[in-house]
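Please read the structure below before turning to the comments.
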Amino acid sequence: MKKNSKLIWGILIGVVILASIIFVFLRAAGGSIDVVGTGSTASFEKILTASNDRVRVDEKNVGWSLEAPDGSVRFIWSGDYSKSPLYDIMLEIDEEPFIQAGLDVSKLPEYYNASEGMLTVGVKLTNDKLTHESDSTPLAGYKQIVENDRKTLGYHMALDHYNVSLGNGNMFEWAKDMQENGVTKEKQDKDIVFVLNPEPLIAAGVDPEKVEGWVYTTVNVEMNGKAQDVYKFLKPVDLE
Amino acid sequence: MDSQVLNIRGMTCAACAQRIEKTVRKLSGIEEASVNLASEKLFVEYDENALSLTAIKEAVKKIGYEVEEKANSSVTIPIGGMTCAVCAQRVEKAMKKLDGVTSASVNFASEKATVVYEPQTVRLSAIREAIEKAGYEALEINKEDAADEDRQRKEKEIKILQTKLVVSALFSVPLLYIAMAPMITFVRLPFPEGLDPMGFPLLFALVELLLVAPAIGVGYKFYTVGYKSLWQRSPNMDSLIAIGTTAAVLYSLYNTWLIANGNFGAVDHLYYESAGVIITLILLGKTLEAISKGRTGEAIKKLMGLAPKTAIIIEDGKEKEIPIDEVEIGDIIVVKPGGKIPVDGSVIEGHTAIDESMLTGESMPVNKKAGDPVYTASLNTTGTIRFRAEKIGSDTALAQIIKLVEDAQGSKAPIAQMADIVSGYFVPVVCVIALVAGIGWYIGTGNIELALTIFTAVLVIACPCALGLATPTAIMVGTGKGAENGILIKGGEALETAHKIDTIIFDKTGTITEGKPTVTDVITIEGVEKNQLLQVTASAEKGSEHPLGQAIVRGAEEKSLEMLPMEHFESLTGRGIEAQMDGQTVLAGNRKLMEERNISLSALEAESDRLAEEGKTPMYVALNGKLSGIVAVADVVKQSSRDAIRELHNMGIEVAMITGDNKKTASAIARQVGIDQVLAEVLPQDKSNEVKKLQAQGRKVAMVGDGINDAPALAQADIGIAIGSGTDVAMESADIVLMRSDLMDVPTAILLSKKTIRNIKQNLFWAFGYNVIGIPIAAGVLYLFGGPLLNPIFAAAAMSLSSVSVLTNALRLKRFKATVRKEGGVSA
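Line by line, the protein sequences give chains F and H.
Sequential numbering from 1 applies to the first sequence in this note's numbering.
Sequential numbering from 241 applies to the second sequence in this note's numbering.
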């Protein structure tokens, strides 16, 4: 009996200590266990602010777009999934550099949409109508992604970036901190990065070395925590 | 001086054993203190006038270990006749009134009384009597109730460890999976998306924290004991585990804090799984260790289990079965065929054959008749006998054997000293190496994770347990195996020395020979009748205790010769006897005696030589100063002598025979059994000098003998081996006692010693080698040259395996068999 009560006390004390530690961590994380979700929202807001006039309403896709300074690519996210015609989150890419590098658009897989000199690739998340707490703004649109499709969000440690997965190896990434890469402690020179999976493009005739305006290189990505070196087309942008 | 053996609880490694020894040795009045880690026993020899046992216990308790109180006995007695709770109280009161009853409680529901009492003050029979007087029945004590407490305690300990291991593994295995699965790139293991460390780093860290917490909880003793020892500046194995895993957990908590603050990269620097898996692996090692340790003491348990629990005594002319504890000296005990002898005694009625193999290893049952001794635990095979109890409890031969084996198992071999010295410094040195390596790597690389990995790996891989277990476990198994084969080795030192023996001296009479000589020839000079000479010689030898004299008396009795009245008798040590009878002076003895008395032997010189060459001992007989004849006596060589000596030769051991007999007789016997060196005509008091002479030549000498006269030589020899049919004095002086008279047990004992020492050396090699190799690897020496870095998890696995491998190796000795071939014997 005495031994049992000792054991119960021991367990209780252990649970209290553990609960206290977890409480401290949660408080430090601002009360949210989803530190990537909340952190990415804050960073995305800064990106939007820094991008200023390159963030526009996209009527066609019923959402907003963030355009690269050279206008060759846009990241588009829907404001109402029930109305977005093609995808809810996507990249719209100028096809010209790829055509010049040998692209045969007819050979692209079905998830690539080619129209009016632009290629569109992305994912349809749901057909649900989004309900915004207040005004429908670009940031509110992004928050809907965090709330409804958390799995599409990730963190890329090597670049100290957040990212939104656009499916099939395509991505849009932005810096957690535009001032400094928190991992390398160097100046962050890639505030946003448009990422394309080169495989379907190469399969459609693209010579990756000849694509102008895009960097064809290996990047270390972590999928489900697994670190892998893979080739990507990158368009990094330093906003500041 | 008093000596005691205390059971110590709470030791985890050799450093603990060292610490206890050091603490106790510091006490004033302590002569000797030695801890056996494997059997968890402390042997102390102390001056009881200067120091009390309580003070010793207190000193041990003060440094954080438990001393198991063994002074009191506990027994559960089933009670009959209770009808209500008041009855239970009454029985309790009746028992508590007795002096020596420490506590008594009666459970009315189970109808059992649990009594703790001092056996020195009150007997169990008195407690039972008190219950009966109170008006209740003290029923038969259930054997299960009186089961071996030590066994129960060890079983409980193993069960607790197993439970802890299961709990720890239950949480650590998923923890390891979660931590490692994302890192395995060559195969895609199923992994919950919601725990993706890059997507949900804080959740990932908190789940790991939640999974490691139960493992830390069940391993709390590593921390309580480890840090307490560290605080007392005497760190042990637990300290290493505690420091290593604490470092891993604290660093992980820090990184979890960073994650919570937005530094998600810190998710790559979590080491919760290291701590959890280390604890699990150490618990696994400890569990296997506890199971193996239990098996090392099986020989003692087997011996303890031999004694029957009850005895049938004759009381008021009727047979009554009582518990063995209640048998008193003088009780008449009945043992029927198939029954075991409950206590030592002498047969007073009946005859039977008793199988004493469980004590002596001798497979043939021994015939017993009135007057013959019987021993506890031997098996009555054919007839019903009655015998009188003469030795009970701890005085029986079985109890003495158990004590002897227990003492031996608790003793230390000189080879253990090196391990002890190393163990004493081991943990502090490892702590320093870990710190130096960790700091060194941090300074060299600036990589805190690498430094932490190395620091933890060094702490966790270092294993003083294996060092501490290497010697005692092998000695426990070796001496236990010896006991099973009828070879009682009195201590670790004897066990170790025996393997170095290069020369063995056998006493002749009673050792190489049966020790029951018979008259073979009577040769007389002209005018003297053979029977007359034998009658006179036998009458003179009547007063002698020498085996040859007794043989002559038996020879005369066989011929129905009447003994003549003796007027005077004198034993002339090493020469013979002198007696006065019927107006004659009778001298009977060897050549030396006759030469001293200037008696010419020329008339029978040729006959004497012939007899001697036949291996017979010619005893000259002179009447009134004139040689009258020779009475020749011969002893039968034991069946096993020749085989044993051949086996010893095969082992490269030189064999000599020592005897007081004349050279020719001795040489003849030696030839029969294949002995090449004969030490003949040696007076009893000179036997030890002969041993000394051989030792002076640098030989390691064993002496094998059975008689009182062999005791000094047995004591002088590097190893004294007494054979079981011998005297108590011889056995007291010996280092090894052979419980049967089979000389084949001599090579078996030496072989066992060689195998045990080889086993100890293997254990020490692995224990030392493991640390010598493991610590530098853990410290990153290979990594420095581009080789692999040791993960602390693998370090923990290796550490656990080292103890288990040492124990498993020691347990291999259990397979030891006296494989020496036995052939037909040789007779004189």
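Each residue gets a CB set at the ideal place from its N, CA and C atoms; glycine is no exception.
Since the model is a prediction, treat every value here as computed from it, not as a measurement.
DSSP state of residue i, grouped into three classes?
i, result
"S848(H)", "helix"
"Q262(F)", "This structure leaves residue 262(F) out entirely; chain F is present only between 1 and 240."
"P318(H)", "strand"
"W64(F)", "strand"
"M171(F)", "strand"
"Y81(F)", "coil"
"G783(H)", "coil"
"A734(H)", "helix"
"V341(H)", "strand"
"I418(H)", "helix"
"T764(H)", "strand"
"L220(H)", "For residue 220(H) there is no data in the structure shown, the boundaries of chain H being 241 and 1068."
"F627(H)", "strand"
"E538(H)", "helix"
"V183(F)", "coil"
"A255(H)", "helix"
"L91(F)", "strand"
"A1035(H)", "helix"
"V215(F)", "strand"
"Y376(H)", "coil"
Whose Cβ in chain H lies nearer than 8 Å to the Cβ of residue i?
i, result
"A28(F)", "W497, A500 and N501"
"L18(F)", "L449, L450 and A453"
Which residues in chain F have a C-beta closer than 9 Å to the C-beta of residue i? List them in chain order.
i, result
"L442(H)", "F25, L26, A29, S32, I33, D34, V35 and V36"
"L493(H)", "I21 and F25"
Along chain F, in chain order, which residues have C-beta atoms closer than 8 Å to that of residue i?
i, result
"G505(H)", "M157, D160, G182 and V183"
"L446(H)", "I22, F25 and I33"
So which residues of chain H does residue i contact, with C-beta pairs closer than 7 Å?
i, result
"K187(F)", "In chain order: nothing, as chain H lies at least about 17 Å away."
State yes or no: is the beta carbon of residue i nearer than 9 Å to at least one beta carbon in chain F?
i, result
"E433(H)", "yes"
"L293(H)", "no"
"D478(H)", "no"
"D556(H)", "no"
"D508(H)", "yes"
"K1062(H)", "Below a pLDDT of 50, predicted positions are generally treated as unreliable, and K1062(H), at 45, falls in that range; the measurement from the model is reported next regardless. Chain F, which has no Cβ nearer than 9 Å to the Cβ of K1062(H), makes this no."
For chain H, find out if any of its Cβ atoms is closer than 9 Å to the Cβ of residue i; answer yes or no.
i, result
"K176(F)", "yes"
"I99(F)", "no"
"I145(F)", "no"
"G63(F)", "no"
"I11(F)", "yes"
Name the chain H residues that come within less than 9 Å of residue i, Cβ to Cβ?
i, result
"G39(F)", "G502 and F504"
"G14(F)", "A453, P454, I456, G457 and Y460"
"K151(F)", "E433, G434, D436 and G439"
Assuming residue i and residue j make a contact with CB atoms under 8 Å, what is their CB distance in whole Å?
i, j, result
"D742(H)", "I893(H)", "6 Å"
"A637(H)", "E733(H)", "Not quite, the Cβ-Cβ distance comes to about 24 Å (not below 8 Å), so this is no contact."
"A419(H)", "F431(H)", "Between F431(H) and A419(H) the Cβ distance is about 11 Å, and since that is not below 8 Å, they are no contact."
"T120(F)", "N113(F)", "4 Å"
"P69(F)", "V237(F)", "6 Å"
"A1007(H)", "A1035(H)", "About 16 Å separates the two Cβ atoms, so there is no contact after all."
"R886(H)", "G914(H)", "6 Å"
| task | Please list the residues of the stretch 444 to 470 of chain H that have a C-beta atom closer than 9 Å to any C-beta atom in chain F, keeping them in chain order. | result | Taking 9 Å as the Cβ-Cβ cut-off against chain F, the residues of the stretch 444 to 470 of chain H that qualify are F444, A445, L446, L449, L450, A453, P454, I456, G457 and Y460.
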